[in-house]
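Reading through the structure tokens given below for one structure.
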Amino acid sequence: MLLLVLLTSFIRQSWNLGVAFLCFWLFWENLTLGINAVIWFDNADIELYVYCDVVSHMQEITAAVKPMATLIITRRLYLITSLRSVEPPTKAARRRDLAIEWALGLGIPLLVAGPLYYVVQWLRFEVVEGHGCVDSSDGSILDILLLKLWNVIPPLVSIIFYYPHVARVFYRHSREIDNFLQSNDSVSRTNYFRILALASIDVLLTLPIGIATVVLDVKDSLSLGPISFYLGWTYDHTDWQPESLSYTDTVSQGTFEVAQLYFTYWTSPILAFVIFGLFGVTSEARVSYWRIICTICGWFGWKPTLRTRRARSPLGDIEFGERAARNSMSLGLESNPSYVNHGARAQDLPNSGGEGGVVGDAENGSEKDEIEEVRRSTAEETYDERPTQPSASSQAGVGDASAEV
Numbered sequence: 004m005l006l007l008v009l010l011t012s013f014i015r016q017s018w019n020l021g022v023a024f025l026c027f028w029l030f031w032e033n034l035t036l037g038i039n040a041v042i043w044f045d046n047a048d049i050e051l052y053v054y055c056d057v058v059s060h061m062q063e064i065t066a067a068v069k070p071m072a073t074l075i076i077t078r079r080l081y082l083i084t085s086l087r088s089v090e091p092p093t094k095a096a097r098r099r100d101l102a103i104e105w106a107l108g109l110g111i112p113l114l115v116a117g118p119l120y121y122v123v124q125w126l127r128f129e130v131v132e133g134h135g136c137v138d139s140s141d142g143s144i145l146d147i148l149l150l151k152l153w154n155v156i157p158p159l160v161s162i163i164f165y166y167p168h169v170a171r172v173f174y175r176h177s178r179e180i181d182n183f184l185q186s187n188d189s190v191s192r193t194n195y196f197r198i199l200a201l202a203s204i205d206v207l208l209t210l211p212i213g214i215a216t217v218v219l220d221v222k223d224s225l226s227l228g229p230i231s232f233y234l235g236w237t238y239d240h241t242d243w244q245p246e247s248l249s250y251t252d253t254v255s256q257g258t259f260e261v262a263q264l265y266f267t268y269w270t271s272p273i274l275a276f277v278i279f280g281l282f283g284v285t286s287e288a289r290v291s292y293w294r295i296i297c298t299i300c301g302w303f304g305w306k307p308t309l310r311t312r313r314a315r316s317p318l319g320d321i322e323f324g325e326r327a328a329r330n331s332m333s334l335g336l337e338s339n340p341s342y343v344n345h346g347a348r349a350q351d352l353p354n355s356g357g358e359g360g361v362v363g364d365a366e367n368g369s370e371k372d373e374i375e376e377v378r379r380s381t382a383e384e385t386y387d388e389r390p391t392q393p394s395a396s397s398q399a400g401v402g403d404a405s406a407e408v
């Protein structure tokens, strides 16, 4: 599912680094979790050393990327609601903003998975029955400070410094947004509320997951005895060969060990479903899926008709990317509704046989259906019109912001 989100974003050339980082690393983590579950579903055999080295370090990367990516997303929303522009005003500001996002989304996770993890890396990796390869740290206080706190610090920064402003802006403009949504056919109400859901990921998911991860890790370490600040470089890096744990061994280590294992195992799939729900089922995404299907079917000689009538989706459109500047604020989460000139299309329809003027490769026998479709589309467009016009402050505020998501 995350691969579909990345693929459709690539096709539409619409990118946001926070979403791109999150989708990319979540895709690979969930893929390796599935592979591990298949290979080691009933055993804890130590094998595939290189693969386990890669997977164990990738788990450290994704553990840091998830809170960092949601911080990038919330920070982007904060900057846009503050500056009322998708892009910073100057090239220097754009370069600085881009450098910050790359440092948060790639630089810090690589630092965590590289030298910081190596300092407290107890074993090369561990193989747990039913779960496969996992990373192995010593469970010391330094381990918590270097690795585990990244699950808490970024969402805390997001909630304290960025989220209140974003929520306040949308709350203050709620009435104007209602008028705007009623008068603008290209924006759905769900589209507007999805901005709030997107900005609330840290409040609803990332921070609670991070706190639970740290608490379970501390409880698991305390169940084995007092926690040392650091066990020492020599202790951690002596007898460094991988070890295996059967399910019986895991259960024998206590309830918190089992809870931590399963909680960590399922956080990524849950977050993946949330991201796909926000970005993978929009009307623009579904159009991209249909185009991909049409292209693949064309390779086998079957050419389905590409849907050209605009369907107003109740889910709205979320799309990230850089677009032409507008007179009002946008979120960089671009919505690109497709407009059909129904009058021109009706004029182009032939009065007798032939296919001229009909969009797509429809057969002669389906011309009547096309004409009926135009009539229905025109009727729907007329029915959807509203007399109320959005206020100027709404257009200059959050109204167009929801259109961009």
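The sequence shown begins at 4 in the numbering used here and counts up by one. We treat Cβ as the ideally placed atom computed from N, Cα and C, and that holds for glycine. Computed from a predicted structure; not experimentally measured.
query, result
"Would DSSP call leucine 248 helix, strand or coil?", "strand"
"Is any non-hydrogen atom of the ligand NAD found closer than 7 Å to the C-beta of proline 229, if you look at the structure I gave you?", "The model on display carries no ligand, and the ligand NAD is accordingly not part of it."
"Return the bridge partner residues of leucine 155 from the DSSP annotation.", "A small correction: the amino acid at residue 155 is valine; leucine does not occupy that position in the sequence shown. Valine 155 pairs with nothing; no bridge assigned."
"Suppose you measure from the CA of glycine 110 to the CA of leucine 148; what does that come to, to the nearest Å?", "18 Å"
"CB-CB under 7 Å to phenylalanine 44, same chain, minus the five flanking residues each way: which ones, in chain order?", "Gly133"
"Which residue wins for smallest C-alpha separation from tyrosine 238, given the options Ala215, Val284, Ser143, Ile296?", "Ser143"
"Just to confirm before moving on: does the CB-CB distance between phenylalanine 282 and valine 58 stay below 8 Å?", "no"
"Is it buried or exposed, glutamate 50, if we count other Cβ atoms within 10 angstroms and call 16 or more buried?", "exposed"
"Based on the DSSP output, what are the partners of glycine 135 in its beta bridges?", "Val131"
"May I ask which residues mark the beginning and end of the alpha helix (DSSP H) holding tyrosine 292?", "286 to 302"
"Nearest-angstrom Cα distance between tyrosine 233 and leucine 126?", "15 Å"
"Rounded to a whole number of angstroms, what is the C-alpha to C-alpha distance between serine 203 and phenylalanine 164?", "13 Å"
"Could you tell me which of Val131, Ser286, Asp141, Asp100 sits nearest to leucine 227, measuring between CA atoms?", "Asp141"
"I'd like the list of long-range same chain contacts for serine 85, defined as Cβ closer than 8 Å, with 5 residues on each side in sequence excluded.", "His168"
"Hey, could you find the ends of the alpha helix (DSSP H) serine 271 is sitting in?", "258 to 282"
"Name the DSSP bridge partner or partners of serine 140?", "Gln124"
"To the nearest angstrom, report how far apart threonine 209 and isoleucine 38 are at their CA atoms.", "25 Å"
"Can you tell me whether isoleucine 321 is buried or exposed? The criterion is at least 16 other CB atoms within 10 Å of its CB, across all chains shown.", "Confidence is the limiting factor: at isoleucine 321 the pLDDT is only 42, short of 50, which leaves the residue's position unreliable and the question unanswerable from this model."
"Between glutamine 62 and the rest of its own chain, which residues show a CB-CB distance below 6 Å, the 5 nearest in sequence each way excluded?", "Asp138"
"My understanding is that tryptophan 105 touches leucine 20, with C-beta atoms under 8 Å, so please give their C-beta distance in whole angstroms.", "7 Å"
"On the DSSP letters alone, give me the boundaries of the alpha helix (DSSP H) that tryptophan 31 sits inside.", "20 to 42"
"Taking all protein chains shown into account, do 16 or more other C-beta atoms lie within 10 angstroms of the C-beta of isoleucine 273, making it buried, or fewer, making it exposed?", "exposed"
"In angstroms with no decimal places, state the Cα-to-Cα distance between aspartate 48 and glutamine 256.", "19 Å"
"Could you name the residues of the same chain whose beta carbon sits closer than 6 Å to that of lysine 222, not counting the 5 residues immediately before and after it, in chain order?", "Phe259"
"If you draw a straight line from the C-alpha of phenylalanine 276 to the C-alpha of isoleucine 156, how long is it?", "23 Å"
"Report buried or exposed for leucine 248, applying the criterion of at least 16 other Cβ atoms within 10 angstroms of its Cβ.", "buried"
"How would you write the range of the alpha helix (DSSP H) that aspartate 223 sits in, first residue to last?", "210 to 225"
"Could you tell me the distance, in whole angstroms, from the CA atom of tyrosine 81 to the CA atom of phenylalanine 266?", "31 Å"
"Between Val206, Leu207, Arg197, Trp243, which has its C-alpha nearest valine 284's C-alpha?", "Arg197"
"Which residues in the same chain have their Cβ closer than 7 Å to the Cβ of valine 206, if we skip the five residues on either side of it in sequence?", "Ile162, Tyr166"
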